[in-house]
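Chemist: Have a look at the structure that comes next, please.
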Amino acid sequence: MSLRINDIAPDFTAETTQGTINFHEWIGDSYAVLFSHPKDFTPVCTTELGAVATLEQQFAARGVKVIGLSVDKVSDHSKWEQDIKDVSGATVNFPIIGDFDLKVAKLYDMLAADDSDSCEGRTPANNAPVRTVFVVGPDKRIKLTLAYPMTTGRNFDEIIRVLDSIQLTAKHKVATPANWQQGGDVIITAAVSNDDAAKIFPGYKTVKPYLRTTAQPK
862 MSLRINDIAP DFTAETTQGT INFHEWIGDS YAVLFSHPKD FTPVCTTELG
912 AVATLEQQFA ARGVKVIGLS VDKVSDHSKW EQDIKDVSGA TVNFPIIGDF
962 DLKVAKLYDM LAADDSDSCE GRTPANNAPV RTVFVVGPDK RIKLTLAYPM
1012 TTGRNFDEII RVLDSIQLTA KHKVATPANW QQGGDVIITA AVSNDDAAKI
1062 FPGYKTVKPY LRTTAQPK
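In my numbering, the protein residues as written are 862 to 1079.
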């Protein structure tokens, strides 16, 4: 099953380092970031989980929950958490899904449906596609997908930047330009007429007839 932006994120029940969860129930009325890993005790992934642990308060301040996934057993995850703390200095307070049977990886189209059904004997290379970030909204729809190679650590500051844009543009009739940062000018969407733009965004600038910019709404 191929997953696209605006698709409903597949629901599942799974064991995690914080007990059994139902994904949709766990999300509740929040935004959620699900980020996956091909194997426990892998170097790049260790640094990534540590990075998220250090940013956890920033995610929480935006009403965003984070959850990891790795193709191993929950018992292995619990041991891995100590290594993550040793490397990053931060404690992992978010749940990590134990995808030992590859069910979630297959459900989210990160591995082929006819792949094996056990983590046993599989190497990180076997599971290389399990390095995807999914941002899911309170409506349980996918807002963002990003897939990374095993040798490139993920930029979680970029994930936060995207979350800021997603939440801003869900509230106001604006879009964000390339390399936008919090507080920067934004683009007025085509759904807003010039007359309405003058009322909603007084002093807006017309760069091109199809490109109108304004200060970021409060």
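Glycine residues also receive a C-beta, built at the ideal position from the N, C-alpha and C atoms.
Treat the numbers as computed from the prediction; the structure is a model and nothing was measured.
Determine the extent of the alpha helix (DSSP H) in which lysine 1032 is found, giving its start and end residues.
Modeler: For the purposes of this step, residue 1032 is identified with residue 171 of the sequence shown, where counting begins at 1. From DSSP, the alpha helix (DSSP H) with lysine 1032 extends over 1017 to 1032.
Chemist: Got a sec? Which residues, its chain only, sit under 7 Å from glutamate 876 by beta carbon, not counting five neighbours each side?
Modeler: The sequence position of residue 876 within the sequence shown is 15, counting from 1. So the qualifying residues of the chain are Val935, Gly959.
Chemist: Going by Cα to Cα distance, which pick from Gln919, Val925, Phe955 is closest to leucine 910?
Modeler: Sequence index remark: in the sequence shown, residue 910 carries index 49 (1-based). Ranking the options by Cα distance to leucine 910, first place goes to Phe955.
Chemist: Can you give the Cα-Cα distance for phenylalanine 884 and histidine 1033, rounded to whole angstroms?
Modeler: Looking up residue 884 in the sequence shown gives position 23. Looking up residue 1033 in the sequence shown gives position 172. Using only the alpha carbons, I get a separation of about 28 Å.
Chemist: Cα separation between proline 899 and lysine 1069?
Modeler: On the sequence shown, position 38 is the one that residue 899 refers to. On the sequence shown, position 208 is the one that residue 1069 refers to. Answer to the nearest angstrom: the Cα atoms are 45 Å apart.
Chemist: Under 8 Å, do glutamine 1077 and valine 1047 count as touching if we go by C-beta distance?
Modeler: Along the sequence shown, one-based indexing puts residue 1077 at 216. Along the sequence shown, one-based indexing puts residue 1047 at 186. In this structure, valine 1047 lies closer than 8 Å to glutamine 1077 by Cβ.
Chemist: Tell me, please, whether the segment 989 to 1005 touches the segment 941 to 950 by the rule of three or more beta-carbon pairs shorter than 8 Å.
Modeler: As far as the Cβ criterion goes, the segment 989 to 1005 does not touch the segment 941 to 950, which means the pair count is below three.
Chemist: Does DSSP put asparagine 1040 in a helix, in a strand, or in coil?
Modeler: Sequence index remark: in the sequence shown, residue 1040 carries index 179 (1-based). Asparagine 1040 falls in the coil class under three-state DSSP.
Chemist: Can you tell me whether leucine 1072 is helix, strand or coil according to DSSP?
Modeler: Working through the sequence shown from its first residue, we reach residue 1072 at position 211. Strand, per DSSP.
Chemist: Please state the DSSP three-state secondary structure of glutamate 981.
Modeler: For this step, residue 981 is matched to residue 120 along the sequence shown. Coil.
Chemist: Measuring straight from C-alpha to C-alpha, what distance separates tyrosine 969 and asparagine 988?
Modeler: Locating residue 969 in the sequence shown gives position 108, where the first residue counts as 1. Locating residue 988 in the sequence shown gives position 127, where the first residue counts as 1. Computed Cα separation, rounded: 13 Å.
Chemist: Mind checking which residues open and close the beta strand (DSSP E) that includes glycine 1045?
Modeler: The residue labelled residue 1045 in the question sits at position 184 within the sequence shown. Looking at the DSSP string, glycine 1045 is not in any beta strand (DSSP E), and its letter there is neither H nor E.
Chemist: For the alpha helix (DSSP H) that alanine 986 lies in, which residues bound it at each end?
Modeler: Taking the sequence shown and counting its residues from 1, the one referred to as residue 986 is at position 125. Counting along the chain, alanine 986 falls outside any alpha helix (DSSP H), and DSSP gives it neither H nor E.
Chemist: Are three or more beta carbon pairs between the segment 973 to 986 and the segment 868 to 875 nearer than 8 Å?
Modeler: With a cut-off of 8 Å, the segment 868 to 875 and the segment 973 to 986 do not count as touching, because too few Cβ pairs lie within range.
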